[in-house]
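Enquirer:
Numbering (my numbering), first residue to last: 3 to 399.
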């Protein structure tokens with residue numbers, strides 16, 4: 003029987019409960035133990051995993067790498083799927099491999115290249131991939147020039163941070179003055195241009211925004227799986243238009259995504275998003291991590307997290323061509339369990355060793371001279387406790 007595979011997901015987003023479920027329910031029936039860590043004790047991924055612990059907060063990137071190496075060394079993780087500090091962790095791939103842990107993440111250079119959306123667009127354009135027009139702006143003059151250029155072409159301008167994820171900071175610009183229409187119904191992503199200009203005038207800081215035409219639906223997110231050899235094994239588009247969802251293998255979406263992941267060495271799991279501009283698909287965003295909706299590909303008969311794990315273990319996942327695309331669908335939220343608020347915080351190796359040294363010094367002072375039980379200068383083991391996840395806990399929505 004194949005050995006039990008130990009996988010760690012760090013500080014990931016809630017939708018990855020389904021990622022964990024698919025690892026457990028893999029088609030080979032192979033035993034997998036998933037460990038999840040987070041700073042939020044109410045994250046549902048902590049309950050979806052087999053073991054869980056809270057991470058220490060406010061570590062520097064370098065400190066977090068040391069913490070991660072220590073956790074992999076102590077717990078013999080076969081595969082580490084980092085979301086938090088993905089780029090800096092990827093830069094230390096050789097150190098993780100030296101202790102027997104494979105990083106399921108693209109190379110550091112690829113992660114860094116796509117953290118900046120302006121650089122990502124420039125790189126994609128240079129590679130001959132379809133991109134929309136965009137302007138990088140830092141203040142009022144640049145913003146107004148970009149908006150004027152877009153509106154002169156009949157478009158509607160929008161902006162977003164040059165670095166960010168999940169649609170944070172995305173706004174659509176309108177010339178309509180602020181009125182009660184903006185205070186009815188649900189909050190809107192539309193913002194009057196004069197209020198944006200006033201906010202920029204009032205601040206003493208520059209901004210770092212991309213301004214571009216608002217792109218049309220459908221939005222197509224192409225989930226890609228690429229081996230460490232640089233060859234794409236899977237590219238399937240998930241279509242979105244309003245509430246309606248579906249799947250596509252149309253070359254207009256899939257082929258540019260394949261070219262991008264192979265050209266820029268986006269190994270393992272990533273997601274390439276497209277929208278329409280003047281009737282043609284153009285690049286919207288590139289995520290160097292598995293998408294939150296990746297589990298939806300199970301409707302096509304493909305377990306992508308398991309296929310990615312097999313690649314990380316040096317195995318070939320076989321033919322990943324979807325056996326079906328199925329009917330259109332909609333997504334709904336479901337309750338997931340959360341843990342009691344008694345989860346221990348994992349200590350860093352340095353903190354654990356310091357605590358052990360202080361405890362030992364206090365005990366020695368109280369008890370008087372004692373024979374040594376280990377060589378001077380060595381620290382006691384400092385295993386951070388991992389809590390096994392109990393069944394049937396409370397639920398949250």
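From the three backbone atoms N, C-alpha and C, an ideal C-beta is built for every residue, glycine too.
Predicted model, so just to flag it, every value in this text is computed and none were measured.
What does DSSP give as the partner residue(s) for residue 274 in the beta ladder?
Expert: The partner list for residue 274 (beta bridge, DSSP) reads 224 and 288.
Enquirer: Going by the DSSP bridge assignment, what does residue 328 pair with across the sheet?
Expert: Bridge partners of residue 328: none, in fact.
Enquirer: Ends of the beta strand (DSSP E) at residue 2?
Expert: No answer is possible for residue 2: the residues shown for the chain start at 3 and end at 399.
Enquirer: What did DSSP end up calling residue 322 once you bin it into helix, strand or coil?
Expert: DSSP places residue 322 in coil when its eight states are reduced to three.
Enquirer: Indicate the three-state DSSP secondary structure (helix, strand or coil) for residue 47 in the structure shown.
Expert: Three-state result, residue 47: helix.
Enquirer: Would you report the Cα separation of residue 245 and residue 330, rounded to the nearest angstrom?
Expert: Cα-Cα distance, rounded: 10 angstroms.
Enquirer: Is the Cβ-Cβ distance between residue 235 and residue 345 less than 9 angstroms?
Expert: Taking 9 angstroms as the Cβ cut-off, residue 235 and residue 345 do not qualify as a contacting pair.
Enquirer: Can you list the alpha helix (DSSP H) stretches of 4 or more residues lying completely in the segment 10 to 61, in chain order?
Expert: Whole alpha helix (DSSP H) segments, 4+ residues: 19 to 26 and 47 to 50.
Enquirer: Under the three-state reduction of DSSP, which class applies to residue 282: helix, strand or coil?
Expert: Looking at residue 282 - three-state DSSP - the assignment turns out to be strand.
Enquirer: Going by other Cβ atoms of all chains shown within 10 Å of its Cβ, with 16 needed for buried, is residue 334 buried or exposed?
Expert: Exposed, since its Cβ has fewer than 16 Cβ neighbours within 10 Å.
Enquirer: Is the CB-CB distance between residue 175 and residue 139 below 9 angstroms?
Expert: Their beta carbons are not under 9 angstroms apart, which means residue 175 does not touch residue 139 by this criterion.
Enquirer: Can you tell me the Cβ-Cβ gap for residue 239 and residue 224, rounded? I've got them flagged as a contact below 8 angstroms.
Expert: Going by Cβ atoms, the distance from residue 239 to residue 224 rounds to 5 angstroms, so yes, they are a contact pair.
Enquirer: Excluding the 5 residues preceding and the 5 following residue 19 in the sequence, name in chain order all residues of the same chain whose CB lies nearer than 7 angstroms to its CB.
Expert: So the qualifying residues of the chain are 46, 47, 50 and 338.
Enquirer: Using 8 angstroms as the Cβ pair cut-off and three pairs as the minimum, do the segment 5 to 14 and the segment 280 to 287 touch?
Expert: No, they do not touch.
Enquirer: Nearest-angstrom Cα distance between residue 120 and residue 72?
Expert: The straight-line gap from Cα to Cα measures roughly 35 angstroms.
Enquirer: Compare the Cα-Cα distances from residue 98 to each of 114, 328 and 81 and report the closest residue.
Expert: For residue 98, the nearest C-alpha among the options comes from 81.
Enquirer: Measure from the alpha carbon of residue 416 to the alpha carbon of each residue in 14, 102, 328 and 288, then state which is nearest.
Expert: Because the chain here runs from 3 to 399, residue 416 falls outside it and cannot be looked at.
Enquirer: Strictly by DSSP, which residues pair up with residue 218?
Expert: 278.
Enquirer: Within 10 angstroms of the Cβ of residue 271, are there 16 or more other Cβ atoms? Answer buried if so, exposed if not.
Expert: Classification for residue 271: buried.
Enquirer: Going straight from the alpha carbon of residue 342 to that of residue 131, what length do you get?
Expert: Rounded to whole angstroms, residue 342 to residue 131 spans 48 angstroms at the Cα level.
Enquirer: Please go through the same chain and pick out, in chain order, the residues whose beta-carbon is closer than 8 angstroms to the beta-carbon of residue 185, but skip the five residues on each side of it.
Expert: Contacts found: none.
Enquirer: May I have the straight-line CA-CA distance separating residue 96 from residue 167, to the nearest angstrom?
Expert: If you take the alpha carbons of residue 96 and residue 167, they lie about 27 angstroms apart.
Enquirer: One question on the structure: do residue 113 and residue 290 come within less than 9 angstroms of each other, judged by their Cβ atoms?
Expert: Yes, the Cβ-Cβ distance between residue 113 and residue 290 is below 9 angstroms.
Enquirer: Spatial neighbours of residue 269 within its chain, please: C-beta separation below 6 angstroms, excluding the five flanking residues on both sides.
Expert: Closer than 6 angstroms at Cβ, skipping near neighbours: 108, 228 and 230.
Enquirer: For residue 129 and residue 265, which I take to be in contact (beta-carbon distance under 8 angstroms), what is that distance rounded to the nearest angstrom?
Expert: Rounded, the Cβ-Cβ distance is 5 angstroms, consistent with contact.
Enquirer: Taking the beta strand (DSSP E) that residue 260 falls in, what are its first and last residues?
Expert: Here residue 260 belongs to no beta strand (DSSP E); instead the alpha helix (DSSP H) covers 253 to 265.
Enquirer: For residue 53, which of 233, 70, 183 and 22 has the nearest alpha-carbon?
Expert: Nearest option by C-alpha distance: 22.
Enquirer: Tell me whether the beta-carbon of residue 287 lies closer than 9 angstroms to the beta-carbon of residue 298.
Expert: No, these two residues do not count as a Cβ contact at 9 angstroms.
Enquirer: Between residue 16 and the rest of its own chain, which residues show a CB-CB distance below 7 angstroms, the 5 nearest in sequence each way excluded?
Expert: Here the set comprises 45, 46 and 47.
Enquirer: Any idea what DSSP makes of residue 189, helix, strand or coil?
Expert: Coil.
Enquirer: Just list the residues that DSSP pairs residue 159 with in beta bridges.
Expert: 215, per the DSSP bridge assignment.
Enquirer: Who are the near neighbours of residue 273 in its chain, counting only those whose CB is closer than 6 angstroms to its CB and skipping five residues on each side?
Expert: Closer than 6 angstroms at the Cβ level, and outside the excluded window around residue 273, lie 223, 225, 289 and 293.
Enquirer: Whole angstroms is fine: what's the gap from residue 221's alpha carbon to residue 161's?
Expert: Between residue 221 and residue 161, the C-alpha separation is close to 17 angstroms.
Enquirer: Residue 82 bridges to which residues according to DSSP?
Expert: Answer is 10 and 105.
Enquirer: Between residue 1 and residue 177, is the Cβ-Cβ spacing less than 9 angstroms?
Expert: Since the first and last residues shown for the chain are 3 and 399, residue 1 lies out of range.
Enquirer: Would you mind reading off the limits of the beta strand (DSSP E) that contains residue 197?
Expert: No beta strand (DSSP E) contains residue 197, which is instead part of the alpha helix (DSSP H) from 195 to 204.
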